[in-house]
Amino acid sequence: MKIPWVAVSACFLVTACVSSGPESQLGKEDQAPKRIPMSRTSDCVFQRTIEDFDAISDNYVVLYGLGRRKAYLAEIAGGCFDVKNRSALAAVDGDRNGQICGFGRDSVAYQNLGMVENCRILGLEELSDERRLELGLGVPQPKSQMDPKDGKSEGAGQDDGTR
399 MKIPWVAVSA
409 CFLVTACVSS
419 GPESQLGKED
429 QAPKRIPMSR
439 TSDCVFQRTI
449 EDFDAISDNY
459 VVLYGLGRRK
469 AYLAEIAGGC
479 FDVKNRSALA
489 AVDGDRNGQI
499 CGFGRDSVAY
509 QNLGMVENCR
519 ILGLEELSDE
529 RRLELGLGVP
539 QPKSQMDPKD
549 GKSEGAGQDD
559 GTR
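Our numbering numbers the first residue of the sequence shown as 399 and each following residue consecutively.
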């Protein structure tokens, strides 16, 4: 009577050993969240200027201001899941000073399954054009200037290859 239980237990033990090797999904290091080094973490942006966002991962969100000309990389606290699949995100001014900063009580929030998830901002870095390219975000197009002589925008129809 004890022999079948011993055999079943041995099968479970062998199965557990096989699935916990380095080839299993839980054992892969590339499944861990990627860390993005930030040069500065205490930059600030006025809350009212934030117009859009891109989620790089569940730990990093890019906040855009002034028509996507300004970009800020925000590192957010762990525990915020599925941020990449959100279509709306709010910047919450926790200390009510009108700015979203990489310090203080500021956060980003989104709705998930009927509940509001509030993710504290751990660091905020204003991104240069070079840094935006490095992160694969692209560089904003310069605002076209109107030529007062003929009413056409400067550089219209010309492509000199510089940006």
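For every residue, glycine included, the Cβ atom is placed at its ideal position computed from N, Cα and C.
For V537, the secondary structure class from DSSP, reduced to helix, strand or coil, is coil. DSSP places D450 in the uninterrupted beta strand (DSSP E) bounded by I448 to A453. With the rule of 3 Cβ pairs closer than 8 Å, the stretch 513-522 counts as touching the stretch 470-477. In its chain, beyond the 5 residues on either side, D456 have a beta carbon closer than 7 Å to the beta carbon of F479. Straight-line measurement puts the Cα of A489 at about 17 Å from the Cα of G476. Close CB contacts of A453 within its chain, under the 6 Å cut and outside five residues either way in sequence, are with V459, V481 and K482 (chain order). Excluding the 5 residues flanking it on each side, N516 has same chain C-beta neighbours closer than 7 Å at V490, S505 and A507, in chain order. A residue is called buried once 16 or more other Cβ atoms fall within 10 Å of its Cβ, and D493, having fewer, is exposed. In the DSSP assignment, M513 is bridged to N510. Within the same chain, and ignoring the five residues on either side of F444 in sequence, the residues whose Cβ sits closer than 7 Å to its Cβ are G496 and Q497. Burial is judged here by how many other beta carbons sit within 10 angstroms of a residue's own beta carbon; G512 has fewer than 16 and is exposed.
With contacts defined as CB atoms closer than 9 Å, T447 and G500 fail to qualify as a contacting pair.
Per DSSP, L461 is one residue of the beta strand (DSSP E) stretching across Y458 to G463.
Bridge partners of S440 according to DSSP: L522. When the beta-carbon positions are compared, R529 and G536 stay at least 9 Å from each other. Per DSSP, the continuous alpha helix (DSSP H) segment holding L531 begins and ends at D527 to E532.
M436 has its alpha-carbon roughly 27 Å from the corresponding atom of V514.
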